[in-house]
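S.K.:
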Amino acid sequence: MITQEIKILATNGIHTRIAAMIVNKVAQISNKSHVQLYIKKVGLKDWLGISMLALVSLKIKCNESIIIGAKKSGDETIEALNELKLYIETVINKSDNATTSMNSIDKFIEESAIVTDQIISESPIGIIVIDLNSNIININNYASNILNINGKECIGKDIYKILPHSELPKILTSKDKELGKILYLGNKTCTINRSPLLSHDKIIGAVAVFQDVSELVGVKEVNEKLQKILASSHDLICFVDNTGVINYCNPAYKQCFSSADSEIGKNIFDMPSHNIIIQCFKDKKKIENVLQTKDGIDVMTTAEPIFIDNKFNGVISTSKPVNELKELMSKLQKSQEELDYYKDELMKHTSLKGSFKNIIGVSKAMHNILFMCEKASRTTSTVLIQGESGTGKELIASAIHNNSPRKGKPFIRVNCAAIPENLLESELFGYKKGAFTGALKHKPGKFQLADGGTIFLDEIGDMPLSMQAKLLRVLQEKEIDSLGGLKPQKIDIRVIAATNRILPEMIENGTFREDLYYRLNVVSISLPSLKDRKEDIPILVEHFISKINESLHTTVTGIDQNVLPMLCNYSWPGNIRELENIIERAINLCDGHILTARDFPSYICSKTHTAITNQSQNLINVYNDELLPFEEYEKQIIELAMKKYKSYNKAGKALGLTHRTISLKCQKYGIDKQ
Ligand SMILES: Nc1ncnc2c1ncn2[C@@H]1O[C@H](COP(=O)(O)OP(=O)(O)OP(=O)(O)O)[C@@H](O)[C@H]1O
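Anchor point for the sequence shown: position 194 equals 194 in the UniProt record's numbering, and the numbering is continuous, going up by one each time.
Below you can see the structure in the form of structure tokens.
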């Protein structure tokens, strides 16, 4: 810098008129020599471009010295500095011999300048003025307070040194006003206007006028609350304004990113680590991703654009350390598992909903079965129900259906043992018109009728092997071939099968396909016989009394407590069906309101009923003049026949029954081939 020092001798120092004279002279010199001249007060560090604002702001008094200077070296510069020095020494310093009238004009100008200065300095809004070189030439008290800086020390300094992220210098080049912008200063929210200062259409500086609107009533309250929320949030939160500048980071963010304080005021486009915010900024769409911080912490980050009155206002980014999330997830999963466990336990100990209410049983075995049924009803998996005749297999199957999402759809029961073998295929799969002689019209099979619902294949153990192969195909392919049909038809059915036969044994002796067994036995339900769950008998008795009362319009209220133990001691070969029939019979015979021993068959109430299992020499046993149920006699006859002939074939021939019927009955009554 080439410099010249000059002492100011004008009586009133460099006041407004004198400043105007100097600026005018500088303009002439610069036009001629193209040298940019600067000024500073002796004792101050920073140079100011010579302008009205700069000169007046220096407030140079008589006998104070100034230094003028230029950055460019060369003769032209020396000449320009000499010319200005000469002008100040010969014209300006001699201006104290100005006329009285001139003095009063100066006084007037000076006074109005002081008034303006005071208005600015005491204004309840922040004002910062810069000259063409971005040096601060005026800053009022309000601005100094809000920015927490010493205003006086800022005069003459480059605004970027005081406020590194200031946008005010941009106005010097754009020359456009920026009105009503939002500026975040610490925890304060300000509105700011930035305008160029023009003199005769020439820009001479720029002014920023701003006000802290977070102080406004209402806004302040909301702001306070928001501050508290942000401060107490465990999420890492940061705001980026609509120019990409980070203007807020909450304490959690600062704690996680130690460098966060220095991030405030920076532009995200200069920070590649913020690429998720940059992407959101560009696409104006919400984005989620896992980022890794400089310290190697994985954070789940969501960047979301903010729109105010449909105008893009910036991006808010919220992040959560992933390990915190993982911890939460595992806690949640644990709670969910606990909840499921308690739900299951509760289910086991409370009444079952809907259709399962009709299935009576307090024994642990029944509870577990019902619990399993409840679960099975929520899926479409195939169910295989095994149990002796009369144990409630059909009841269970229909309850599963009625409790499932298919409950409004058909429940089709097929008794595989009842349909003759040669008709079974057409019964199950249907036939097309003309498929065989006599097929005069199309007939849908049970599978088609059950489409969308459930098919209950009862007595599946009695299905012939040829049909077992076809059923397996249906289960695997989920399609059926009707007799005479040209192409297979897709079907949507749930299969529930039941049998009172021991399928694993049938597999062993080759009468049941192993692959079909495994296809059917996805959910396996094994119903115990009534003699193995005697604790259910009292409640079943109660249930049947009220059920039969309803259908027969009778008014039986209970059972003699001495009879109950007898019912519990009986072996119930016909299981629950037999119990239901016996109760119905007793209600029919009952004269009063309580069922007594007289109303029950003597073989149940007689203490000698165990004799029934001993083989009598007489074919027909009669106890106390009471006949036994037919099935009891049937069992005894088949037992006798099997004992004698030791073969299904021979026993069947002797009794006039087929080999298959004999084997079924033996299965039913648990008679060994011997
Ligand atoms: N747990 C139970 N609660 C109430 N009633 C039951 C229960 N179990 C069976 N029953 C009743 O007993 C009778 C026989 O039941 P179901 O026909 O379901 O037996 P099953 O095992 O299918 O017999 P089968 O093998 O002879 O076809 C039905 O009237 C049924 O309502």
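All C-beta atoms in this analysis are idealised placements derived from N, C-alpha and C, irrespective of residue type, glycine included. The structure presented is a predicted model; accordingly, all values stated were derived computationally and were not measured.
1) Examine ligand 1 and report whether any of its heavy atoms sits within less than 6 Å of the Cβ of residue 675.
2) With hydrogens ignored, establish whether the beta-carbon of residue 680 is closer than 6 Å to any heavy atom of ligand 1.
3) Return helix, strand or coil for Met467, following the three-state DSSP convention.
4) Put Arg17 into one of helix, strand or coil per three-state DSSP.
5) Since Asp212 sits in a beta bridge, which residues does DSSP pair it with?
6) Are the beta-carbon atoms belonging to Ala597 and Cys605 less than 7 Å from one another?
7) Let me make sure I understand the geometry here. Which of Glu153, Lys94, Glu83, Gln292 has the alpha-carbon closest to that of Asp46?
8) Leaving out the 5 sequence neighbours to the left and right, which residues in its chain are closer than 6 Å to Leu655 when beta-carbon positions are compared?
9) Within the present structure, is the beta-carbon of Glu580 separated from the nearest heavy atom of ligand 1 by less than 6 Å?
10) For the pair the segment 402-419 and the segment 450-462, tell me if three or more CB-CB distances fall below 8 Å.
11) With DSSP as the reference, label Arg413 as helix, strand or coil.
12) Run through DSSP, which three-state label would Arg494 get?
13) What is the rounded straight-line gap between the Cα of Ile287 and the Cα of Leu236?
14) Please go through the same chain and pick out, in chain order, the residues whose beta-carbon is closer than 6 Å to the beta-carbon of Lys40, but skip the five residues on each side of it.
15) Taking 7 Å as the cut-off, decide whether the C-beta atoms of Ile125 and Val209 are in contact.
16) Would you say the segment 493-506 touches the segment 532-547, given that touching needs at least three Cβ pairs under 8 Å?
17) Run the proximity test for Lys547: is its beta-carbon closer than 6 Å to any non-hydrogen atom belonging to ligand 1?
18) In three-state DSSP terms, what is Leu179?
19) Assuming Thr16 contacts Ile109 (C-beta within less than 8 Å), just tell me the rounded distance between them.
20) Enumerate, from N- to C-terminal direction, the unbroken alpha helix (DSSP H) stretches of 4 or more residues contained entirely within the segment 477-538.
21) Please indicate yes or no: does the CB of Gly574 lie closer than 6 Å to some heavy atom of ligand 1?
22) By alpha-carbon positions, which one of Leu465, Met372, Val290, Arg519 ends up nearest to residue 675?
23) Report the option in Val115, Ser144, Thr191, Gln386 whose CA atom is closest to the CA atom of Pro504.
24) Is Phe312 near Asn267, with beta carbons less than 7 Å apart?
25) In its own chain, which residues sit with a C-beta less than 6 Å from the C-beta of residue 677, not counting the 5 before and 5 after it?
26) Can you tell me whether Pro565 is helix, strand or coil according to DSSP?
27) Buried or exposed: which applies to Val240, given that a residue is buried once 16 or more other Cβ atoms fall within 10 Å of its Cβ?
28) Short check: CB of Tyr160 to CB of Asn247, under 7 Å?
29) Taking just the CA atoms, how far does Pro169 sit from Ser195?
30) Using the C-alpha atoms, what's the distance from Asn141 back to Val115?
31) Grouping DSSP H, G and I as helix and E and B as strand, with all else coil, what is Gly461?
32) Comparing alpha-carbon positions, which option in Gly484, Gly670, Ile491, Arg513 lies nearest Met467?
33) On the DSSP letters alone, give me the boundaries of the beta strand (DSSP E) that Ile419 sits inside.
34) Please report the straight-line C-alpha distance between Gly670 and Lys443, rounded to a whole angstrom.
35) Might you give, ordered along the chain, the residues of its own chain that have their beta carbon closer than 8 Å to the beta carbon of Phe663, omitting 5 neighbours on each side?
36) Grab me the residues of Asn549's own chain with a C-beta within less than 8 Å of its C-beta, minus the 5 sequence neighbours each way, in chain order.
M.R.: Considering the structure as presented:
1) Coverage of the chain is limited to positions 1 through 674, which leaves residue 675 absent and any answer about it impossible.
2) The structure shown has nothing for residue 680, since the chain only spans 1 to 674.
3) helix
4) helix
5) Cys190
6) yes
7) Glu153
8) Ala641
9) yes
10) yes
11) strand
12) strand
13) 16 Å
14) Trp47, Ile67
15) yes
16) no
17) no
18) strand
19) 4 Å
20) 503-508, 514-520
21) no
22) Any property of residue 675 remains undetermined from this structure, which presents the chain solely from 1 to 674.
23) Gln386
24) no
25) Outside the shown range of the chain, which is 1 to 674, sits residue 677, and nothing can be said about it.
26) helix
27) buried
28) no
29) 10 Å
30) 15 Å
31) helix
32) Arg513
33) Looking at the DSSP string, Ile419 is not in any beta strand (DSSP E), and its letter there is neither H nor E.
34) 39 Å
35) The amino acid occupying residue 663 in the given sequence is Ser; Phe does not appear at that position. Cβ within range, chain order: Tyr648.
36) Thr555, Val556, Ile587
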